[in-house]
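Chains as they are written, first to last, in the working numbering: chain A, 43 to 441; chain B, 43 to 441.
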């Protein structure tokens with residue numbers, strides 16, 4: 043419902059908004075202590091901020107739905123994550139900073155191992171190094187299938203992005219990745235007649251790649267999935283009339299930011315460099331998306347203590363982050379990643395909103411306090427309008 | 043979603059419902075005390091009622107969206123405020139009590155100043171007095187353009203309402219008001235072919251108005267906006283099978299009640315007269331919309347102490363209001379108007395529901411208690427169905 047509403051009431055301003063996304067923020071209690079990661083972490087700075095903020099929880103998509111990072115981020119950027127479905131390929135391509143054109147077809151690739159019979163024995167080719175992967179991508183990059191040019195660029199370890207550039211390419215294709223070992227890579231199939239020629243081009247590329255990788259074991263095959271073209275999303279800056287900047291270390295999140303047209307600062311590897319970049323960019327933008335990855339990674343590893351430490355690390359940096367004095371500050375997650383589940387989950391995500399115009403809950407930040415916070419339980423897609431309101435960047439609706 | 047549902051399950055009854063709308067009810071903490079207007083007010087009667095009621099909060103439209111009084115009221119009357127958009131013109135015309143017919147075209151007007159070249163130098167003509175405006179409206183009122191009769195009636199200061207009465211008039215017109223000084227008033231344009239003749243009539247009226255106002259500087263031009271016909275809203279009484287009555291002092295709220303077809307009691311100027319009118323009307327209706335304006339006015343003035351006093355004034359009258367013994371009593375706001383913001387805001391609105399069939403929260407009424415109340419966070423449009431349910435006026439849905 044916001045789609046038609048917002049464009050009519052958004053107004054420009056000079057207020058500044060900082061959105062801190064702590065990936066996988068929400069958790070579940072450890073069976074040993076009965077406390078969640080957030081309840082276990084010693085985080086005086088986060089809790090000091092929380093005390094003077096309004097708390098709540100969000101459902102990334104809807105109760106019970108576990109989101110991938112793509113839809114979870116679209117929702118916190120204020121885009122309906124069910125309406126705007128984003129393929130894995132375009133996230134990979136944008137994530138590595140490839141200048142994707144609207145007519146390009148993208149896919150996410152894995153180097154994989156196949157045996158003499160062509161059966162996949164390892165979908166990740168023993169997680170070869172990024173260095174090795176870069177070398178192998180060089181063998182595949184620049185191929186031409188008829189008029190179609192193929193770009194193959196490394197991501198991390200065994201992962202890479204493929205971009206097909208040609209005329210009339212379609213993303214209505216099935217994956218070649220069988221998703222499990224013990225099977226042959228699949229032929230890519232057209233989901234509709236208009237995609238038949240594209241399927242032929244992609245399958246020809248797959249055949250040529252197998253040729254090129256002969257003898258390169260363990261990385262002697264490739265698997266492609268998530269064929270996608272660039273979606274026609276309205277840009278963040280036109281939608282919200284605000285200059286937005288992404289401060290993220292991981293390719294995928296930079297890709298998500300590029301997808302909605304945010305400026306992306308490259309070359310950030312550590313929280314320390316991210317905090318410096320925020321300070322440097324502060325006067326050039328009005329909206330800052332600050333992404334912190336580690337709690338999700340540790341959660342997915344099932345490393346409860348590691349996730350606690352990752353939260354404590356953020357806590358030590360927080361004073362440097364918030365000393366920029368934004369007019370509106372939100373700290374939340376894109377989704378929950380409980381260490382005991384070792385995966386993204388459906389649990390509501392803690393939400394903290396600070397501005398001059400909130401009623402503080404006077405509570406520390408964790409799953410239990412947020413569930414009882416004054417903001418109640420929101421959909422993630424409602425958070426961005428709330429931030430815009432707190433920044434006094436929305437006109438009144440109706441007379 | 044209620045639209046199709048309610049008509050199938052609403053049933054008549056003899057229970058009585060009282061909806062008290064405290065305009066601009068919600069607030070924000072004073073920087074001096076950390077307490078909101080509701081937390082500051084001494085209001086023993088309201089709190090006694092709240093103790094035995096269920097509490098919650100509502101979003102008038104959606105989180106982050108600040109509503110005008112029109113959509114905010116439609117929502118608490120149970121109409122989707124985004125679907126049923128109400129033009130400024132019809133609110134102006136109904137607000138001053140003009141007997142608008144379904145075929146009439148209405149607009150909101152401003153007296154304005156233009157220079158010798160016809161450029162707008164002041165969109166409000168120096169905010170001329172209501173007295174002066176009334177005199178000038180007299181010059182324009184009663185004109186005829188072909189078969190179309192034009193009524194021009196003063197609102198307040200430079201504002202007036204225009205009503206075109208004729209055949210086949212359309213509201214698919216652009217505004218003549220350029221919204222900024224330094225430009226000429228715009229020609230009114232038809233947004234669709236069927237509106238071309240109406241555009242011609244309105245433009246002819248605008249030309250004649252300029253003639254009539256020659257030498258009347260600073261009010262030597264008019265600007266029109268918000269062209270609107272009476273929307274085809276289903277009437278409150280047919281939608282809810284209930285006889286409804288509005289007890290409001292201010293024109294706009296009487297206009298909104300008329301818009302949904304409520305009976306409106308005229309001539310009420312004070313809370314005292316409103317309370318008397320409620321007692322008198324009690325046996326003739328089953329639904330009472332009781333509107334109290336003052337907290338919003340003081341909030342818009344930025345008068346924190348004044349808003350506190352306005353709440354305390356309501357508190358003193360409350361025993362006389364509720365001694366009618368309604369079966370369902372709701373006390374809420376149409377929106378929040380925090381004194382510190384001096385305007386309508388996006389903040390959720392406190393909600394109190396009393397009937398025999400609620401679970402009492404045992405708490406006083408304010409923003410913090412309501413945010414934690416047992417009713418949770420609702421959309422305003424959900425409140426009227428909830429009142430109907432508590433009045434045992436809704437059948438079970440489905441077998």
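Think of the CB as a built atom: it goes at the ideal place given N, C-alpha and C, for glycine as much as any other residue. Just so it is clear, the structure is predicted and the values come from calculations on it, not from any experiment.
Just list the alpha helix (DSSP H) runs in the segment 247-291 of chain B, keeping only unbroken ones of 4 residues or longer that don't cross its boundaries, in chain order. 278-282
Beta strand (DSSP E) segment containing residue 408 (chain B), residue limits: In the second chain, the residue the question calls residue 408 (chain B) occupies position 366. It is not in any beta strand (DSSP E) - residue 408 (chain B) carries neither H nor E in the DSSP assignment.
Going by DSSP, name the residue or residues bridged to residue 149 (chain A). By 1-based counting over the first chain, the position of residue 149 (chain A) is 107. According to DSSP, which records beta bridges pairwise, residue 149 (chain A) is partnered with A:204.
Runs of beta strand (DSSP E) wholly within the segment 66-136 of chain B (minimum 3 residues, chain order): 96-101
Between which two residues does the beta strand (DSSP E) carrying residue 418 (chain A) extend? Taking the first chain and counting its residues from 1, the one referred to as residue 418 (chain A) is at position 376. That run of the beta strand (DSSP E) goes 418-421.
Under 8 Å Cβ-Cβ, which residues of chain A neighbour residue 268 (chain B)? Residue 268 (chain B) sits at position 226 when you count from the first residue of the second chain. Simply 441.
So is residue 399 (chain A) in contact with chain B if we call contact Cβ pairs under 9 Å? As a working note, residue 399 (chain A) is residue 357 in the first chain. Residue 399 (chain A) counts as touching chain B.
Which runs of the alpha helix (DSSP H) at least 4 residues long sit entirely within the segment 289-340 of chain A? Give them in chain order. 293-301, 313-323
For residue 232 (chain B) and residue 315 (chain A), what's the separation of their Cα atoms in angstroms? If you number the second chain from 1, residue 232 (chain B) lands on position 190. If you number the first chain from 1, residue 315 (chain A) lands on position 273. One C-alpha to the other measures close to 56 Å.
Which chain B residues are close to residue 431 (chain A), counting only those with a beta carbon under 9 Å from its beta carbon? By 1-based counting over the first chain, the position of residue 431 (chain A) is 389. By Cβ distance, chain B contributes 105, 106, 107, 108, 387, 388, 389.
Rounded to whole angstroms, what's the CA-CA distance from residue 254 (chain B) to residue 68 (chain B)? Just pull it up for me. In the second chain, counting from the first residue as 1, residue 254 (chain B) sits at position 212. In the second chain, counting from the first residue as 1, residue 68 (chain B) sits at position 26. Each residue's Cα considered, the two are about 46 Å apart.
Does the separation of the CB atoms of residue 306 (chain A) and residue 287 (chain A) fall below 9 Å? In the first chain, counting from the first residue as 1, residue 306 (chain A) sits at position 264. In the first chain, counting from the first residue as 1, residue 287 (chain A) sits at position 245. Yes, these two residues count as a Cβ contact at 9 Å.
Got a sec, what are the start and stop residues for the alpha helix (DSSP H) residue 427 (chain A) sits in? Here residue 427 (chain A) is taken as the residue at index 385 of the first chain, counted from 1. Taken as a continuous stretch (DSSP letters only), the alpha helix (DSSP H) holding residue 427 (chain A) covers 425-432.
Could you tell me whether the segment 216-231 of chain A touches the segment 136-146 of chain A, where touching means 3 or more Cβ pairs closer than 8 Å? no
So, is the C-beta of residue 402 (chain A) closer than 9 Å to a C-beta in chain B? The residue you call residue 402 (chain A) lines up with position 360 of the first chain. For residue 402 (chain A), the answer is yes, since a Cβ of chain B falls inside 9 Å of its Cβ.
So is residue 224 (chain A) in contact with chain B if we call contact Cβ pairs under 9 Å? Taking the first chain and counting its residues from 1, one reaches residue 224 (chain A) at position 182. No, its Cβ sits nowhere closer than 9 Å to a Cβ of chain B.
Under 9 Å between the Cβ atoms of residue 370 (chain B) and residue 397 (chain B)? As a working mapping, residue 370 (chain B) is identified with position 328 in the second chain. As a working mapping, residue 397 (chain B) is identified with position 355 in the second chain. Yes, these two residues count as a Cβ contact at 9 Å.
Leaving out five residues on either side along the sequence, give the residues of the same chain with a beta carbon under 6 Å from the beta carbon of residue 64 (chain B). Position 22 of the second chain, counting from 1, holds the residue named residue 64 (chain B). Setting aside the 5 residues that flank it on each side, residue 64 (chain B) is surrounded in the same chain by 334, 337, 375, each with a C-beta closer than 6 Å to its C-beta; the list follows chain order.
From the beta carbon of residue 415 (chain A), is the nearest beta carbon of chain B less than 9 Å away? Here residue 415 (chain A) refers to the residue found at position 373 when the first chain is read from its first residue. Answer yes: the Cβ-Cβ gap between residue 415 (chain A) and chain B drops below 9 Å somewhere.
How is the alpha helix (DSSP H) around residue 350 (chain A) delimited, first residue to last? Counting from 1 along the first chain, the entry for residue 350 (chain A) is found at position 308. Element bounds for residue 350 (chain A): 346-364.
Beta-carbon gap between residue 170 (chain A) and residue 260 (chain A) smaller than 9 Å: The residue labelled residue 170 (chain A) in the question sits at position 128 within the first chain. The residue labelled residue 260 (chain A) in the question sits at position 218 within the first chain. Yes; because the gap between Cβ atoms is below 9 Å, this pair is in contact.
Among the candidates B:357, B:313, B:364, B:297, whose CA atom is the shortest distance from the CA of residue 324 (chain B)? Start at 1 with the first residue of the second chain, and residue 324 (chain B) comes out as number 282. When only C-alpha atoms are compared, the closest one is B:364.
Short Cβ contact (9 Å threshold) for residue 197 (chain A) with residue 166 (chain A): For the purposes of this step, residue 197 (chain A) is taken as the residue at position 155 of the first chain. For the purposes of this step, residue 166 (chain A) is taken as the residue at position 124 of the first chain. No; because the gap between Cβ atoms is not below 9 Å, this pair is not in contact.
For residue 194 (chain B), which beta-bridge partners are listed by DSSP? Stepping through the second chain from its first residue, residue 194 (chain B) is reached at position 152. According to DSSP, which records beta bridges pairwise, residue 194 (chain B) is partnered with B:204.
Contacts that residue 418 (chain A) makes with chain B (C-beta to C-beta distance below 8 Å): One-based indexing of the first chain puts residue 418 (chain A) at position 376. By Cβ distance, chain B contributes 99, 390, 413, 418, 419.
Cβ shell of residue 21 (chain B) (< 8 Å), same chain only, five flanking positions each side left out: There is no way to answer for residue 21 (chain B), as the model of chain B reaches only from 43 to 441.
If I follow the unbroken beta strand (DSSP E) through residue 371 (chain A), where does it start and stop? Translated into positions along the first chain, residue 371 (chain A) becomes position 329. Where residue 371 (chain A) is concerned, the enclosing beta strand (DSSP E) stretches over 370-374.
Chain B residues whose Cβ lies nearer than 8 Å to that of residue 373 (chain A): As a first step, residue 373 (chain A) must be located in the first chain, where it is residue number 331. Ordered by position in chain B, no residue passes the 8 Å Cβ test against residue 373 (chain A), which lies about 17 Å from the chain.
First and last residue of the beta strand (DSSP E) that includes residue 164 (chain B)? In the second chain, the residue the question calls residue 164 (chain B) occupies position 122. Here the beta strand (DSSP E) through residue 164 (chain B) covers 162-164.
Between the alpha carbons of residue 437 (chain A) and residue 173 (chain B), how many angstroms are there, rounded? In the first chain, the residue the question calls residue 437 (chain A) occupies position 395. In the second chain, the residue the question calls residue 173 (chain B) occupies position 131. Approximately 31 Å, taken between the alpha carbons.
By how many angstroms is the C-alpha of residue 125 (chain A) removed from the C-alpha of residue 300 (chain A)? For the purposes of this step, residue 300 (chain A) is taken as the residue at position 258 of the first chain. For the purposes of this step, residue 125 (chain A) is taken as the residue at position 83 of the first chain. Roughly 18 Å between the two C-alpha positions.
Chain B partners of residue 427 (chain A), CB-CB under 9 Å? Taking the first chain and counting its residues from 1, the one referred to as residue 427 (chain A) is at position 385. Those are 104, 105, 106, 107, 388, listed as they occur along chain B.
Between residue 121 (chain B) and residue 132 (chain A), what straight-line distance do the alpha-carbon atoms span, to the nearest angstrom? Along the second chain, one-based indexing puts residue 121 (chain B) at 79. Along the first chain, one-based indexing puts residue 132 (chain A) at 90. Distance from the CA atom of residue 121 (chain B) to the CA atom of residue 132 (chain A), rounded to whole angstroms, is 41 Å.
Positions along the segment 121-148 of chain B whose CB lies within less than 8 Å of some CB in chain A: 123, 124, 127, 128, 129, 130, 133
Indicate whether residue 117 (chain B) and residue 421 (chain B) have their beta-carbon atoms separated by less than 9 Å. Your numbering for residue 117 (chain B) matches position 75 in the second chain. Your numbering for residue 421 (chain B) matches position 379 in the second chain. In contact: residue 117 (chain B) and residue 421 (chain B) (Cβ atoms closer than 9 Å).
Distance between residue 381 (chain A) and residue 343 (chain A) (C-alpha atoms, nearest Å): Within the first chain, the letter at position 301 stands for residue 343 (chain A). Within the first chain, the letter at position 339 stands for residue 381 (chain A). Distance between the alpha carbons of residue 343 (chain A) and residue 381 (chain A): 7 Å.
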